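A.B. asks: First the structure, which I've put down as C-alpha cells, then a few questions once you've had a look.
Number of protein chains: 2
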Amino acid sequence: MVGLLDSISLTSDRFASVIPLELAVTFMVIRKAIGARPRENRRGAVLDSAARSFALHGYAGTSIRDIAADAGVQPSSLYYFFKSKDELYEAVYERGVEKFLDAVARSMSKSDQPWDRLERAAVAHLEALLEDGDYNTLVANIVPRGDSELDQRLVRHRDRYEAVFFNLIKDLPLPPRTDRKLFRLTFLSALNGVAGWYRDGSMSPGKIATKTVDLFRKQLEPDGERTAR
Amino acid sequence: MVGLLDSISLTSDRFASVIPLELAVTFMVIRKAIGARPRENRRGAVLDSAARSFALHGYAGTSIRDIAADAGVQPSSLYYFFKSKDELYEAVYERGVEKFLDAVARSMSKSDQPWDRLERAAVAHLEALLEDGDYNTLVANIVPRGDSELDQRLVRHRDRYEAVFFNLIKDLPLPPRTDRKLFRLTFLSALNGVAGWYRDGSMSPGKIATKTVDLFRKQLEPDGERTAR
DNA sequence: AATTTTACCTAACGATCGTTCGTTATAATA
DNA sequence: TATTATAACGAACGATCGTTAGGTAAAATT
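Protein chains in written order, with the numbering used here: chain A, 1 to 229; chain B, 1001 to 1229.
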C-alpha cells in the first residue's frame, strides 16, 4: 500500500503533472487490474501451473492457453520465460527430478543397513510423489521412449535419479542369483504405480512405501513357513 | 481377378454402354486407386491403426487424421464406423482388455498350484503386452482416473481384467499379515511397467514374467539365508 | 429392374493449437 | 534525467483439431 503511493509520488508517469492525485490513483488501479504489473515475476507461478496441467492431462493434453489461464497470465507471456512448450515441459520434468533427488537425499542422512536405506528412500520417494505432487507425478508417470529430442533430454534427467536406486540396490544382501536390474525396474514401477490408484485417506504414503519394501524383502518374516511352491 | 472382370460385365456403370471394355477397365483401375472400393470393410484396419497411434502417442497426442492416414482412409470415414474419437478409443481399450482376458484364460488351462497359476498368468500377460502389442499397451499404460465419462467406462473394462488377478492372489499362500490388495496393485504395476523399459532382444517376455514372479515369491529360495534385515 | 443399404469419398465448418509480433508500463542503470 | 532492461500485454498468424454435410458407386434387397 505504501509502496503504491510512493510510486505515484515519484511520478515518472506522464500524467502525474497534469491530473490530480485522486485520478492518478484511479489510473493506477485500472492499470493494475488490466495491464502491466509492477515488478512481479510470474515464472514460478507459470512453472507450477504447467506442472499441474501436465501431470493431470499430459503433454499433448495440455495447451499453452490452459497453463497461462491457470497462472493468470497471457499465453504469449509464457514465451518470455520459456522458448517453447518443449522447453517448459523439460523445465518441469527437470525440477521434478531435483525434487525427488532432494527428498531422497534428505531421508538418508543416517542408517547403514541396506534394507533400511532402501526403505527410507522409498518412503521419501512416495511422499514426494503423493504429497508434494505435480512435478514428481510427471517424472513418475512419464517414461520417455527417447524417440524425440525432448524425450532424449528427459531420459538423461531421469537417469540421474535412477542411479540413486541402482546404488541402493547394489548394496542389498539378496539371494545369489537375483537379477538386480530387474529388481530396480520392478521396484520403481511398483512405487510409481501407486500414483495410479492412491486415493487420499486410505493409507499414508509412508505406510504404503514401507509395506511395498516388505513385499520385496519378506523372505525373512519369521512366519514365512506358510508359503509353498 | 475374375471377380473384377465380373463386376464390369454386370455393368450397372453409367459409362459401360458407351465406352469399350478396355477403357472401362482403365476407369476401374483409376477408381480403385483413387476412390470407391468394391465392398471392403476397413473397420479392422482403422481399429488397428488407432491402437497403434494411441499406444504410441496417447489419446490427446493422436489425431483422427493420423489414424485415418495410417489406415489409408479419409478422416471422415472414421465416423462411419465410430461415433466419436472417444468411442473409438474405448473400442480399442475394450479390445485390449479382451485380448488380455483371452491370453490369460488360455494359459491357465491346467496346474492347480497357486504360485504356478500366477506365474502362468504373468507370462501370458507380458507376452500379450510385449509381443502382441498395441491394444494391450493401451490398457497397461493408461490407468483411467475416472473423472471424465470416457474414463469411467474405461475403469469398468479394466476392472473386469483386474478381477482375474484378484482371484489368483486370493489363493496364494502368503505370510499371514500380507496386504493382498497392495500385492495385486504392486504386482500389476511391476508387470505393466515392463513396457516402459523393455527392448527387444534383451530377455524374453516370458523370462521377465517368471523372474518377476520369483521376486515376489523368493522367500523360499533354498539359499535365501544370505539376506538380512 | 428399381430401390435401399453399405462403404466409403470430398469439402468444409468453427474451434483451438503453438507461436510471433509489436507495444507498454515499471524498475534499474548510466 | 535519459537510457536500457524487465515483465509483461493484446492481437493476430497459419496450421491443425474433431466433426458434419452431402455426395457416389458398388452390392444387397425387393
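Beta carbons are placed, not taken as given, at the ideal position from N, Cα and C, and that holds for glycine. As the structure is a prediction and not an experimental result, all values here were calculated from the model.
So which residues of chain A does B:Gly1193 contact, with C-beta pairs closer than 9 Å?
C.D. replies: In chain order: Val143, Leu185, Thr186, Leu188, Ser189, Ala190, Asn192, Gly193.
A.B. asks: Any idea if B:Tyr1093 is buried or exposed, counting beta-carbon neighbours within 10 angstroms, 16 or more meaning buried?
C.D. replies: Counting Cβ neighbours within 10 Å, B:Tyr1093 comes out buried, since at least 16 surround it.
A.B. asks: Where does A:Ser53 land, buried or exposed, given buried means 16+ other C-beta within 10 angstroms?
C.D. replies: The residue is buried, with at least 16 neighbouring Cβ atoms inside 10 Å.
A.B. asks: How big is the Cα-Cα spacing for A:Phe165 and B:Tyr1079?
C.D. replies: Each residue's Cα considered, the two are about 48 Å apart.
A.B. asks: According to DSSP, is B:Arg1217 part of a helix, a strand, or is it coil?
C.D. replies: Helix, per DSSP.
A.B. asks: Would you identify the three-state DSSP class for B:Ile1064, choosing helix, strand or coil?
C.D. replies: Helix.
A.B. asks: Pull up the distance between the alpha-carbon of A:Ala36 and that of A:Gln74, whole angstroms please.
C.D. replies: Per-residue confidence for A:Ala36 stands at a pLDDT of 41, beneath the threshold of 50, marking its modelled position as unreliable; the derived number appears in the next sentence. Near 11 Å, if we compare the C-alpha coordinates of A:Gln74 and A:Ala36.
A.B. asks: Count the other CB atoms, across all protein chains shown, that sit within 10 Å of the CB of B:Glu1040; report buried if there are 16 or more and exposed otherwise.
C.D. replies: Flag for B:Glu1040 reads exposed.
A.B. asks: Applying a beta-carbon distance threshold of less than 7 Å, which residues of chain B neighbour A:Asp179?
C.D. replies: Lys1211, listed in chain order.
A.B. asks: Quick one: list the residues of chain A neighbouring B:Lys1099, beta-carbon separation under 7 Å, in chain order.
C.D. replies: Simply none; closest approach about 20 Å.
A.B. asks: Since B:Glu1098 is in the alpha helix (DSSP H), which residue starts that stretch and which ends it?
C.D. replies: From DSSP, the alpha helix (DSSP H) with B:Glu1098 extends over 1085-1107.
A.B. asks: Determine, using beta carbons only, whether B:Glu1098 and B:Leu1154 come nearer to each other than 8 Å.
C.D. replies: Not a contact, by the Cβ cut-off of 8 Å.
A.B. asks: Whole angstroms is fine: what's the gap from A:Ser76's alpha carbon to A:Asp48's?
C.D. replies: Whole-angstrom Cα-Cα distance: 17 Å.
A.B. asks: Could you work out which residue in A:Asp66, A:Asp171, A:His57 is closest to B:Gln1147 when comparing CA atoms only?
C.D. replies: A small correction: the amino acid at residue 1147 of chain B is Asp; Gln does not occupy that position in the sequence shown. Selected option, being the one with the closest Cα: A:His57.
A.B. asks: So with CB distances below 8 Å, who are the chain A contacts of B:Ile964?
C.D. replies: For residue 964 of chain B there is no data in the structure shown, the boundaries of chain B being 1001 and 1229.
A.B. asks: What's the C-alpha gap between B:Pro1144 and A:Tyr135?
C.D. replies: Distance between the alpha carbons of B:Pro1144 and A:Tyr135: 20 Å.
A.B. asks: Verify the CB distance criterion: does B:Gly1061 have a CB-CB separation below 8 Å to chain A?
C.D. replies: Cβ-Cβ to chain A under 8 Å: yes for B:Gly1061.
A.B. asks: Using a cut-off of 8 Å between C-beta atoms, extract the partners of A:His230 located in chain B.
C.D. replies: Lying outside 1 to 229, the shown extent of chain A, residue 230 of chain A is not represented and no answer is given.
A.B. asks: Can you pull the chain A neighbours of B:Gly1058, defined as C-beta to C-beta under 7 Å?
C.D. replies: The contacting residues are Gly58, Ala60.
A.B. asks: If the cut is a Cβ gap below 8 Å, which residues of chain A does B:Leu1138 touch?
C.D. replies: The premise fails here: B:Leu1138 is roughly 14 Å from chain A at the closest Cβ pair, so nothing lies under 8 Å.
A.B. asks: Comparing C-alpha positions only, which one of B:Met1203, B:Pro1114, B:Ala1122 sits nearest to B:Tyr1161?
C.D. replies: Considering only alpha carbons, the answer is B:Ala1122.
A.B. asks: Identify whether B:Glu1040 lies in helix, strand or coil by the three-state DSSP scheme.
C.D. replies: Coil at B:Glu1040, not helix or strand.
A.B. asks: Beta carbon of B:Leu1126, beta carbon of B:Pro1205: below 8 Å?
C.D. replies: Taking 8 Å as the Cβ cut-off, B:Leu1126 and B:Pro1205 qualify as a contacting pair.
A.B. asks: Please state whether DSSP places B:Asp1179 in a helix, a strand or coil.
C.D. replies: Note: B:Asp1179 maps to coil in three-state DSSP.
A.B. asks: Tell me, to the nearest whole angstrom, how far the beta carbon of A:Leu118 is from that of A:Val213; I am working on the premise that it is less than 8 Å.
C.D. replies: Confirmed, about 6 Å.
A.B. asks: Classify A:Leu23 as helix, strand or coil using the three-state DSSP reduction.
C.D. replies: Because A:Leu23 sits at a pLDDT of 38, beneath the cut-off of 50, its placement in the model cannot be relied upon, and the following sentence gives the value as read from the coordinates. It is helical.
A.B. asks: Give the single residue among B:Lys1085, B:Ala1190, B:Ala1060, B:Ala1103 whose Cα lies nearest to the Cα of A:Gly196.
C.D. replies: It is B:Ala1190.
A.B. asks: At least one CB of chain B closer than 8 Å to the CB of A:Gly196: is that the case?
C.D. replies: True, the Cβ-Cβ gap to chain B drops below 8 Å.
A.B. asks: Starting from the N-terminal side, write out each stretch of the alpha helix (DSSP H) that is 4 residues or longer and does not extend beyond the segment 1122-1171 of chain B.
C.D. replies: Within the segment 1122-1171 of chain B, the complete alpha helix (DSSP H) runs of at least 4 residues are 1134-1141, 1149-1170.
A.B. asks: Can you tell me whether DSSP reads B:Phe1082 as helix, strand or coil?
C.D. replies: Residue state, collapsed to three classes: coil.
A.B. asks: Let's test the definition: count the other Cβ atoms within 10 Å of the Cβ of B:Ser1109 and tell me whether it reaches 16, buried, or not, exposed.
C.D. replies: Burial call: exposed.
A.B. asks: Of all the CB atoms in chain B, is at least one closer than 8 Å to the CB of A:Leu215?
C.D. replies: For A:Leu215, the answer is yes, since a Cβ of chain B falls inside 8 Å of its Cβ.
A.B. asks: Helix, strand or coil for A:Asp112? Go by DSSP, reduced to three states.
C.D. replies: In the structure shown, A:Asp112 sits in coil (DSSP, three-state: anything other than H, G, I, E or B).
A.B. asks: Could you tell me if B:Asn1192 is buried or exposed, where buried requires 16 or more neighbouring beta carbons within 10 angstroms of its beta carbon?
C.D. replies: When all chains shown are included, B:Asn1192 counts as buried.
A.B. asks: By Cβ distance, which residues of its chain are closer than 6 Å to B:Ala1209, with the 5 residues on each side in sequence left out?
C.D. replies: Taken in chain order, the residues that qualify are Ala1122, Val1123, Leu1126.
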